[in-house]
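Novice: Numbering (our numbering), first residue to last: 3 to 271.
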Ligand SMILES: Nc1ncnc2c1ncn2[C@@H]1O[C@H](COP(=O)(O)OP(=O)(O)OP(=O)(O)O)[C@@H](O)[C@H]1O
Ligand SMILES: [Mg+2]
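As structure tokens, then:
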């Protein structure tokens, strides 16, 4: 059985990609066969993961072909790269921006939304967990398709009043479109992961309280990701574990991962 999880929010720059990469990294460390699938043509997760691989085995990774080409050939295997033990990457590339236009050959939008799931059917069984990283675009085929094929969604929310709205809109969208209109077969909400980007304790406390008032305590993960300067370096250096600062970040995301697994277990009870 494979569990597929999309990390989402309609707002950009809230920590989706960072969280997707670090959760996938932790799942792999826990011994689960994990795929991080980068469905964002910006390729930020691809970039971070390729650098992470370079830290581990000193090899420059090359993928056989771009994700768009693999989509056209209906075989994603040639865009998969082994990153480390238990962790693979489905690498994105800028030409994946063509995906929505390419899919226009299917006239029914609902059928377009379902197509990604079919593409993944050939590789899915290899993994215990598939983590999908999506672009921040509101109402895009990327996000619709990712959510359609997912068992769960984890909303990543920056604890900033402005970004509450992006999360609220996202939750409404899940219900109204993904579940009621596209009839996603399994999708369920794990919860909302608060990410504190401010690095100021009193402000953090205030905004976290605002998030609890807005969404209810039970919908927020108990684990919040604090502002950590070290995280900002991971897109440049890849994920490393050599210093105390690295290990602090990894520890926080181990807690996020444990709580995510715990919540899934509770939902499945
Ligand atoms: N806990 C954190 N502390 C400090 N900086 C962070 C934290 N989490 C993420 N960042 C930084 O914030 C920026 C945005 O993060 P990230 O790319 O993960 O967001 P995103 O939601 O995927 O963005 P996009 O919508 O563009 O895909 C990055 O520079 C990242 O390093
Ligand atoms: Mg991103």
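For glycine and all other residues, C-beta sits at the position ideal for the given N, C-alpha and C.
1. Rounding to the nearest angstrom, what Cα-Cα distance links residue 181 and residue 44 in this structure?
2. Could you tell me the alpha carbon to alpha carbon distance between residue 85 and residue 54, rounded to whole angstroms?
3. Note down the Cα distance separating residue 217 from residue 75, rounded to an integer number of angstroms.
4. Less than 8 Å separating the beta-carbons of residue 155 and residue 176?
5. In angstroms, rounded to a whole number, what distance separates the CA positions of residue 236 and residue 26?
6. Based on Cα-Cα distance, which residue from 224, 173, 215, 179 lies nearest to residue 197?
7. Does residue 119 come out as helix, strand or coil in the three-state DSSP assignment?
8. I'd like to know whether the C-beta atoms of residue 227 and residue 195 end up nearer to each other than 8 Å.
9. Output the residue ranges of the alpha helix (DSSP H) runs that lie fully inside the segment 106-159 and measure 4 residues or longer, sorted by chain position.
10. If you scan the segment 40-120 from start to end, which runs of the beta strand (DSSP E) of 3 or more residues do you find wholly inside it?
11. Do the CB positions of residue 70 and residue 97 come within less than 8 Å of each other?
12. I'd like the span of the beta strand (DSSP E) that includes residue 190, first residue to last.
13. Is it right to say residue 269 is buried, meaning 16 or more other beta carbons lie within 10 angstroms of its own, or is it exposed?
14. Where residue 107 and residue 222 are concerned, what is the direct C-alpha to C-alpha distance, given to the nearest angstrom?
15. Can you have a look at residue 10 and say buried or exposed, based on whether 16 or more other CB atoms are within 10 angstroms of its CB?
16. Under a three-way DSSP split, which group does residue 16 fall into?
17. How would you write the range of the alpha helix (DSSP H) that residue 212 sits in, first residue to last?
18. Determine the contact status of residue 201 and residue 265, defining contact as a CB-CB distance below 8 Å.
19. Pull up the distance between the alpha-carbon of residue 204 and that of residue 83, whole angstroms please.
20. Given a cut-off of 8 Å on the beta-carbon distance, is the pair residue 212 and residue 271 in contact?
21. What span of residues does the alpha helix (DSSP H) with residue 263 cover, start to end?
Specialist: Quick answer:
1. Computed Cα separation, rounded: 27 Å.
2. When rounded, the separation of the alpha-carbon atoms in residue 85 and residue 54 is 7 Å.
3. Straight through space, the alpha carbons of residue 75 and residue 217 are spaced by roughly 43 Å.
4. Going by C-beta atoms, residue 155 is nearer than 8 Å to residue 176.
5. Cα to Cα, the separation comes out at about 14 Å.
6. Among 224, 173, 215, 179, the Cα nearest to that of residue 197 belongs to 224.
7. Reduced to three states, the DSSP call for residue 119 is helix.
8. Yes.
9. For secondary structure counted as the alpha helix (DSSP H) over 4 or more consecutive residues, the segment 106-159 holds these complete runs in sequence order: 111-122, 143-150.
10. Fully enclosed beta strand (DSSP E) runs of 3 or longer: 82-86, 89-92.
11. The answer is yes: Cβ separation under 8 Å.
12. Residues 190-197.
13. That one is exposed.
14. Taking the CA atoms as reference points, residue 107 sits about 40 Å from residue 222.
15. Residue 10 comes out buried.
16. In this structure, residue 16 counts as coil in the three-state DSSP scheme.
17. Here the alpha helix (DSSP H) through residue 212 covers 203-217.
18. No. Outside cutoff.
19. Near 43 Å, if we compare the C-alpha coordinates of residue 83 and residue 204.
20. Cβ atoms of residue 212 and residue 271: not closer than 8 Å.
21. Note, residue 263: alpha helix (DSSP H), 246-270.
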